[in-house]
Each structure stands twice: as C-alpha cells, then as structure tokens.
Amino acid sequence: MEEPAPCRRKSFFSLIEIMIVVVIIGMILGLVGPNVVKKLKKAQTGTAKSQVLLLSNACKDYYLDMSEYPAKLENLIQNPGGQKWDGPYLDPPKVPLDPWGEPYHYDVPGQHGAFDIYSYGSDKAPGGEADGADANSWD
C-alpha cells in the first residue's frame, strides 16, 4: 500500500505582518513626502524664472528686428504686420503659461524697464514669499 503524499501547506503573510509593512511604508512616505513637495514647489518657481528670462530674451530679439518691443507676447509668434519681423521668436512657437497655469503678465512700457514680464507665483497675487513669490524680469 502506498503512503499518502505529505500535505504541503501554503505559507501566506499574516495580517500582523502586512500591517507592519503598511505602517513602515506610511512612516517612510511621511518622512519623504514633504521634502518631495517642497522640491516640486521650488522647481516650479525656478521654471517660472527661466520662462521669464526666455520671454525677455525673445522680446529683445524682436526689438532688434522691429525697433520696438512687441505690444503683446503673442507678437513673438505671430507677425503683427511689420516687414522686418523675423519670427517666430520662441521655439516652439507658443507663448508658455506659468507653472501654475496662468498667462504671464506683460506691460510695455514697463514700470521697471522698457517692458515688464512677471508671474504672480502660486498664490496668484502680487508679492508673496517662498513658492508664492513673484517671478519677474527686473530682479
């Protein structure tokens, strides 16, 4: 007579082990999460400053060709009717939105120079500090 094969028991994680792993993952996310959010906000502010510089340089290139600054930022990508226009002055030919989804503000003549380009930051209001600080072409 043959002996029955030994019963193999499948091993699973116990509820306690799963809960311990979930708690450890939660603790790690609690420590790392705020730093990631802070870095993301800092990156958005840096992006806004870079885009303001890009738009400022495009306005200066426009001025070299047209002998005047554009009346609006869209003139950097669409000919306003001048024969000396040699654009588009942005690549890709699109006026970017700030990192918070708002259009950049453009004043010509500006209060701080020939033109002013600025974003109000994450708080979408003049002034602000840290990630809510304005990005502008005159600082």
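Just so you know, we're using numbering that gives the first Met the number 0 here: the sequence shown kicks off at 0 and counts up by one.
Positions of the beta carbon are idealized from the N, C-alpha and C atoms, including for glycine.
Would you mind stating whether residue i and residue j have Cβ atoms separated by less than 8 Å?
i: TYR117; j: LYS71; result: no
i: TYR88; j: ALA57; result: yes
i: ASP115; j: TRP84; result: no
i: ILE76; j: VAL94; result: yes
i: TYR62; j: VAL107; result: no
i: ALA42; j: ASP97; result: no
i: SER55; j: SER136; result: yes
If you count every other CB in all the chains shown that lies within 10 Å of the CB of residue i, and 16 or more means buried, which is it?
i: SER121; result: buried
i: ALA129; result: exposed
i: GLY25; result: exposed
i: VAL34; result: In the sequence as displayed, the identity of residue 34 is Asn instead of Val. Label assigned to ASN34: exposed.
i: GLY86; result: buried
i: ASN74; result: buried
Report the partner residues of residue i according to the DSSP bridge assignment.
i: ASP115; result: ASP106
i: ALA134; result: SER118
Of all the options the options, which has the alpha carbon lying nearest to the alpha carbon of residue i?
i: ALA134; options: ASN74, GLY86, GLN82, LEU53; result: LEU53
i: ASP60; options: TYR119, ASP90, PRO125; result: ASP90
i: GLY100; options: TYR119, GLN110, GLN82, GLU2; result: TYR119
i: ALA124; options: TYR103, GLY109, ASP138; result: TYR103
With 8 Å as the threshold, decide whether the Cβ of residue i is near any Cβ in chain D.
i: LYS59; result: Absence of chain D from the displayed structure is noted, only one protein chain being present.
Continuous beta strand (DSSP E) assignments of at least 3 residues falling wholly in the region 17 to 81: none
In chain order, each beta strand (DSSP E) run of at least 3 residues that lies wholly inside the region 84 to 113: Entirely contained in the region 84 to 113, the beta strand (DSSP E) runs reaching 3 residues are, in chain order, 104 to 106.
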